Amino acid sequence: MWERLNHKFKKYPARINVAWKMVELGLRVDKDKKIYCGNLKISDVALANAANVDRRAVKSTVQTILEDDQLSSIFKNIIPAGTLLKNIAKNLGLGLIEIEVGDENTGILAEASKLISAENISIRQAYASDIELGDNPTLTIITEEPVEGNLINELLKIYGVIKVSIY
Numbered sequence: 000m001w002e003r004l005n006h007k008f009k010k011y012p013a014r015i016n017v018a019w020k021m022v023e024l025g026l027r028v029d030k031d032k033k034i035y036c037g038n039l040k041i042s043d044v045a046l047a048n049a050a051n052v053d054r055r056a057v058k059s060t061v062q063t064i065l066e067d068d069q070l071s072s073i074f075k076n077i078i079p080a081g082t083l084l085k086n087i088a089k090n091l092g093l094g095l096i097e098i099e100v101g102d103e104n105t106g107i108l109a110e111a112s113k114l115i116s117a118e119n120i121s122i123r124q125a126y127a128s129d130i131e132l133g134d135n136p137t138l139t140i141i142t143e144e145p146v147e148g149n150l151i152n153e154l155l156k157i158y159g160v161i162k163v164s165i166y
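In numbering that gives the first Met the number 0, the protein residues as written are 0 to 166.
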């Protein structure tokens, strides 16, 4: 998808900003040429402000997406991921583990899950950022309770893990 987006919008940096912001926020387009988060309509101006572009760039991005069968089928079916507990984990008495990963990241979630479950702690939520959307791909794991700091050393032994933070 990223190659297709980059190719389609290579001459239009504002449009690529809009498309990337839509993916980041889980926004979809509909045949009515409007943008939605779930069933909530998002104004062109609001998205333009979030993507740091003019509102006309939003309209032209939507038009281009709808005219391309492949992009249209993707952007018409995007679903927002829901609430990420990362910023409120501490308030809820939950644990938070952030694992920065490199290019070789196969199996990190599985290995981290084994280590956490060996501590008899349940995972409430796990979220991995797309390696093509950010500079530092991160696996965020929210646990039922805070984890001990000694788990950091074990998590750092997982192949592909660069950095581990526990909050």
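No residue lacks a Cβ here, since even glycine has one placed at the ideal position from N, Cα and C.
Keep in mind the model is a prediction, meaning the values are calculated, not measured.
### Message
I'd like to check one pair, residue 151 with residue 99: are the Cβ atoms closer than 7 Å?
### Response
Position 100 of the sequence shown, counted from the first residue, corresponds to residue 99. Position 152 of the sequence shown, counted from the first residue, corresponds to residue 151. Going by C-beta atoms, residue 99 is not nearer than 7 Å to residue 151.
### Task
Give a yes or no on whether the C-beta atoms belonging to residue 153 and residue 108 are separated by under 7 Å.
For the purposes of this step, residue 153 is taken as the residue at position 154 of the sequence shown. For the purposes of this step, residue 108 is taken as the residue at position 109 of the sequence shown. For residue 153 and residue 108, no; Cβs fall outside 7 Å.
### Message
Does any residue of chain C have a CB that is nearer than 7 Å to the CB of residue 17?
### Response
In summary, chain C is missing from the structure at hand, where a single protein chain is found.
#### Entry: DSSP state of residue 183 mapped onto helix, strand, coil
Not covered by the structure: residue 183. The range shown for the chain is 0 to 166.
### Task
Using the DSSP secondary-structure output, state which residues sit across from residue 98 in a beta bridge.
Residue 98 sits at position 99 when you count from the first residue of the sequence shown. Beta-bridge pairing links residue 98 to 138 and 163.
### Query
Near residue 104, which residues of its chain fall below 6 Å by C-beta distance, leaving aside the five closest residues on each side in sequence?
Residue mapping note: residue 104 aligns to position 105 of the sequence shown, counting from 1. Excluding positions up to five away in sequence, the list reads 159.
### Task
Can you give me the start and stop residues for the beta strand (DSSP E) that residue 39 sits inside?
Counting from one through the sequence shown, the residue named residue 39 turns up at place 40. Segment 39 to 41, the beta strand (DSSP E) holding residue 39.
### Task
Please determine, among 101, 3, 119 and 145, the residue with the shortest C-alpha to C-alpha distance to residue 95.
Along the sequence shown, one-based indexing puts residue 95 at 96. If we check each option's Cα against that of residue 95, 145 comes out closest.
### Where residue 127 falls: helix, strand or coil (DSSP)
Looking up residue 127 in the sequence shown gives position 128. Three-state DSSP puts residue 127 in a strand.
### Task
Express the C-alpha separation of residue 62 and residue 52 in angstroms, rounding to a whole number.
Looking up residue 52 in the sequence shown gives position 53. Looking up residue 62 in the sequence shown gives position 63. Rounded to the nearest angstrom, the two C-alpha atoms are 16 Å apart.
### Query
residue 101 to residue 22, Cα distance in whole Å?
Numbered from its first residue, the sequence shown carries residue 101 at position 102. Numbered from its first residue, the sequence shown carries residue 22 at position 23. Their backbone Cα atoms lie some 22 Å apart in a straight line.
#### Entry: 7 Å Cβ cutoff met for residue 137 and residue 122
Position 138 of the sequence shown holds residue 137. Position 123 of the sequence shown holds residue 122. Not a contact, by the Cβ cut-off of 7 Å.
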